[in-house]
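Chains as they are written, first to last, in the working numbering: chain A, 1 to 142; chain B, 1001 to 1142. Written out below as structure tokens is the structure these notes cover.
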DNA sequence: GTTCTTGCAAAAGCTTTGCAGGAAG
DNA sequence: CTTCCTGCAAAGCTTTTGCAAGAAC
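This is how it looks when you write it as structure tokens:
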């Protein structure tokens, strides 16, 4: 189990939350994969080991973990949201192939600072993915 | 009727598309409001004058107009997409009050250029809104 | 008249909720 | 044993689709 996941379980324990099958399994899964998973992806993986875990439990678990700051999700327009262990940074999703690019938060800092100064708006660049096209699918790349 | 809307109707006519009640009404509505409307908002306005226009017609009309480059939509995470006459620029939506800030595209150009150079990814900053908090709801403003 | 568009109804995709039984501590 | 969590079923919200009737040109 990766350090992220161990830590998340520790946090649960420290705060007196119950460590259930769904919670442990989902945290382990999110800790093991570098990918960005939808609730359905997560349910599929969980079912492989624990077929009794219901979809609604997956959603409720993700919601709880997010409330406690252990998990985050982001949207990319059409389709389901993506979930991952907390580690706020922006994402860019290719409109053609769905590939997700993790962008370090620092790349957005000048923009965030500028928008704050000029418009009085504090951007949370991690909550919604930006849509675009990756190298292979860029309009200029053919 | 605003110039944008007149122009959009002209384009339809010039391309030999049919000018139907739904199309004309929706274009006029989008031309008249500075707001960003959901399909449901649009249907409500259209119904006021033309109660027979069905929700599915609203969606199909918006889809067609978008295909022809006259309308655009963007997403802001949870909830319905927003539609407006074409005029690509990024949006920032306040997570607290839902207020939408229009951001000139030029503000994003340095970021877009940098991400293209550094990551080979062409961002389309207009398709997904960025989430954040406006002046009154910023974490630091209380 | 011919072709494109619409109204209706039904369903699809993602997510939330009420409730009663069950597990964690 | 008490409180919190879960399974199930049902529904909610946004959006899409098939089809036959209807409107635009």
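We put the beta carbon where it would ideally sit given N, CA and C, even for glycine. No experiment lies behind these values; they were computed from the predicted model shown.
Proximal residues to residue 1058 of chain B (C-beta, below 6 Å), its chain only, five neighbours per side dropped: Answer for residue 1058 of chain B: 1039, 1042 and 1043, listed in chain order.
Cβ of residue 124 of chain A within 8 Å of any chain B Cβ: Proximity of residue 124 of chain A to chain B, defined by a Cβ-Cβ separation below 8 Å, is satisfied.
Which complete beta strand (DSSP E) runs does the stretch 1027 to 1101 of chain B hold, if anything under 3 residues is left out? Runs of the beta strand (DSSP E) inside the stretch 1027 to 1101 of chain B: 1071 to 1074, 1082 to 1085 and 1091 to 1094.
Is it right to say residue 1009 of chain B is buried, meaning 16 or more other beta carbons lie within 10 angstroms of its own, or is it exposed? By the C-beta density criterion, residue 1009 of chain B is buried, having at least 16 other C-beta atoms within 10 angstroms.
What in chain B is Cβ-close to residue 65 of chain A, meaning under 9 Å? Those do not exist, as residue 65 of chain A stays about 17 Å from chain B at its closest Cβ, beyond 9 Å.
Relative to the alpha-carbon of residue 22 of chain A, which residue among A:32, A:46, A:7 and A:34 has its alpha-carbon at the smallest distance? Measuring C-alpha to C-alpha distances from residue 22 of chain A to each of A:32, A:46, A:7 and A:34 identifies A:46 as the nearest.
Cut-off 7 Å between Cβ atoms - residues of its own chain near residue 1078 of chain B, not counting five sequence neighbours on either side: Nothing listed; no residue qualifies.
Shorter than 8 Å from the beta carbon of residue 131 of chain A to some beta carbon of chain B? Yes - at least one Cβ of chain B is within 8 Å of the one on residue 131 of chain A.
Since residue 26 of chain A contacts residue 61 of chain A with CB under 8 Å, what's their CB separation in whole angstroms? Correct: roughly 5 Å between the Cβ atoms.
Are the beta-carbon atoms of residue 1081 of chain B and residue 1074 of chain B separated by less than 8 Å? A distance below 8 Å separates the beta carbons of residue 1081 of chain B and residue 1074 of chain B.
Please decide whether residue 142 of chain A counts as near chain B, where near means a Cβ-Cβ distance under 8 Å. With a pLDDT of only 43 at residue 142 of chain A, under the threshold of 50, the placement of this residue in the model should not be trusted; the figure read from the coordinates follows. The beta carbon of residue 142 of chain A does not come within 8 Å of any beta carbon belonging to chain B, so the residue lies off that interface.
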